[in-house]
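S.K.:
Protein chains in written order, with the numbering used here: chain A, 31 to 295; chain B, 10 to 307.
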């Protein structure tokens with residue numbers, strides 16, 4: 031595998047839930063090595079479905095990839111056996127944090143050491159406590175009693191224990207106060223820079239996601255409508271208006287449907 | 010009352026010890042139940058029958074093939090592990106995605122299947138296991154403990170101790186609890202969830218089989234001995250469905266209580282006492298004495 035090939039690649043995939051509901055229709059994207067890629071879009075656009083397809087969690091929710099290819103480090107991703115994928119270095123920090131509430135902070139990290147099964151690396155909790163000193167203070171505490179922000183830190187901390195090459199982050203800002211969101215995104219950017227972990231970041235909060243991402247994709251109803259380097263997206267008038275909430279004119283003058291139509295064609 | 014007239018303290022101690030003996034077997038079977046519940050959140054109503062099939066497999070090896078105890082027991086545990094694994098693979102795993110009630114119902118069906126299998130091979134007639142425990146009664150002070158009760162208590166205690174240590178010091182215990190809390194999240198951190206399921210059913214089947222051999226050695230075996238499982242459900246509900254320590258303490262307590270009530274008021278009051286305790290616990294601590302209280306952070 032050459033080093034400049036993308037670490038994650040999605041080629042034209044379609045995903046169907048319960049053999050009836052089509053969630054993704056011909057979606058393609060790629061994540062270059064060592065970069066943060068943001069995947070933005072409104073509710074129900076299929077962002078989380080994309081991540082679940084990548085981490086092979088779809089069968090648990092009665093979903094299936096019916097067409098297209100997913101590649102992780104040049105190797106195809108097959109649905110089923112998600113734990114094997116984690117052990118190969120693809121870690122999914124799921125939406126809503128999904129920490130183990132009855133376990134202590136440290137036991138949550140211990141659970142993540144199963145990701146190292148069959149690998150030479152030794153588990154290292156210190157790296158987690160270095161990025162998130164607050165977790166160190168509460169390492170014996172029951173995870174369910176942590177604040178929302180601390181739970182998100184723990185969810186990312188579990189990913190650090192697993193020593194992945196790619197982290198899929200699903201809405202890390204969900205339900206957190208703006209100040210905490212800023213803090214956590216700062217740490218995510220540091221992890222990317224210092225550990226060299228590539229990231230695919232799904233967010234509704236486009237402003238904060240684009241503040242740390244190198245590249246962005248915007249999706250609507252199951253496929254990508256715009257993509258480009260972050261700087262270009264930030265200057266794009268449609269992105270500014272629909273996702274960053276910057277209005278240029280009076281609403282009376284805007285014909286949304288025309289511009290949307292351009293994307294969908 | 011006449012019953013209380015000849016009561017002296019040696020009598021009370023002997024009754025207590027006999028009760029603790031039965032209690033230790035309930036606790037051991039309870040541990041088998043807890044292991045499955047801890048990992049899979051499946052309420053296994055067939056735990057008494059898994060115990061029974063273990064006892065019959067042992068009977069097959071020890072009486073049928075005339076194997077010595079030290080060979081028959083490991084073989085029994087091995088066969089039971091396979092049975093547990095097959096049950097998980099064929100009846101439980103296909104239902105993983107469905108709601109818990111259907112799995113619960115399947116375990117009811119499983120009781121009939123296991124009883125039927127045993128009756129096909131060994132008929133419904135009660136049988137005695139070959140004697141394998143030392144025969145000489147044990148004296149604690151002046152109180153006499155029948156040999157079978159005493160030794161089965163010790164073996165059960167050792168079995169429970171092993172399970173406690175395994176779950177306290179082995180990383181796999183964390184995997185079990187993580188899987189129970191959130192399956193998708195468990196696989197997202199690299200835990201082999203189907204593996205955990207199969208493992209917990211195999212271990213539980215082995216523990217249940219050990220309990221079955223011990224129960225059978227004290228009271229004989231029959232295809233209806235799975236009814237012992239009923240008291241075990243009380244034990245695990247009182248102790249907490251997901252707590253091994255809970256099963257241990259509740260098992261000993263309920264065994265002791267049944268024996269004492271039986272001695273002091275007569276056998277017909279045993280179940281009254283047991284189920285009164287069950288009612289009390291359900292009202293005061295619905296998740297059991299040692300069970301995990303679902304965390305709700307407001």
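Note that the Cβ used here is the ideal one computed from N, Cα and C, for glycine as well.
1. Hey, does residue 47(B) have any beta-carbon neighbour from chain A nearer than 8 Å?
2. For residue 102(A), write down the residues that DSSP places opposite it in a beta bridge.
3. Answer with yes or no whether the minimum CB distance from residue 95(A) to chain B is below 8 Å.
4. By the criterion of Cβ-Cβ separation under 9 Å, what are the contact partners of residue 301(B) in chain A?
5. Quick check on residue 77(B): buried or exposed, where buried means 16 or more other Cβ atoms within 10 Å of its Cβ?
6. Output, in sequence order along the chain, the residues in the stretch 154-186 of chain B whose CB is closer than 7 Å to any CB in chain A.
7. Give the residues of chain B in contact with residue 85(A), contact being defined as C-beta atoms less than 8 Å apart.
8. Beta-carbon of residue 137(A) versus every beta-carbon of chain B: anything under 8 Å?
9. Relative to the alpha-carbon of residue 165(A), which residue among 46(A), 87(A), 275(A) and 134(A) has its alpha-carbon at the smallest distance?
10. Which residue from 194(B), 285(B), 237(B) and 45(B) puts its Cα closest to that of residue 130(A)?
11. With H, G and I counted as helix, E and B as strand and the rest as coil, what does DSSP make of residue 173(A)?
12. Going by alpha carbons, who is nearest to residue 298(A) out of 123(A), 55(A) and 64(A)?
13. Residues in the same chain with beta-carbon distance under 7 Å from residue 297(B), minus the five sequence neighbours each way, listed in chain order, please.
14. Quick test of your reading: residue 139(B) and residue 72(B), contact by CB under 8 Å. State the CB separation rounded to the nearest angstrom.
15. Can you say whether residue 137(A) is buried or exposed, counting buried as having 16 or more other CB atoms within 10 angstroms of its CB?
16. Verify whether the separation of the beta carbon atoms of residue 183(A) and residue 75(A) is less than 8 Å.
17. Which residues does DSSP pair with residue 233(B) in a beta bridge?
18. Okay, do the stretch 213-230 of chain B and the stretch 81-98 of chain B touch, 3+ Cβ pairs below 8 Å being the bar?
19. Using a 10 Å radius around the Cβ and a threshold of 16 neighbouring Cβ atoms, would you call residue 257(A) buried or exposed?
20. Among the candidates 51(A), 234(A) and 270(A), whose CA atom is the shortest distance from the CA of residue 125(A)?
21. Using only the alpha-carbon positions, how far apart do residue 295(B) and residue 72(A) sit?
22. Sorted by chain position, which residues of the same chain lie with C-beta nearer than 8 Å to residue 117(B)'s C-beta, five sequence neighbours on each side aside?
23. Quick one: Cα of residue 96(B) to Cα of residue 210(B), how far?
M.R.: Reading off the structure:
1. no
2. Within the DSSP bridge table, the entry for residue 102(A) names 38(A) and 105(A) as partners.
3. No, residue 95(A) does not count as interfacial toward chain B.
4. Taking a Cβ-Cβ threshold of 9 Å, the residues of chain A close to residue 301(B) are 132, in chain order.
5. exposed
6. 180, 183, 184 and 186
7. 197
8. yes
9. 134(A)
10. 194(B)
11. helix
12. Here chain A covers residues 31 to 295 and nothing more, so residue 298(A) does not appear.
13. 246, 247, 248, 249, 250, 252, 255 and 290
14. 5 Å
15. buried
16. no
17. Answer is none; residue 233(B) lacks a bridge partner.
18. Yes, the stretch 213-230 of chain B touches the stretch 81-98 of chain B.
19. buried
20. 234(A)
21. 42 Å
22. Hits under 8 Å: 54 and 55.
23. 8 Å
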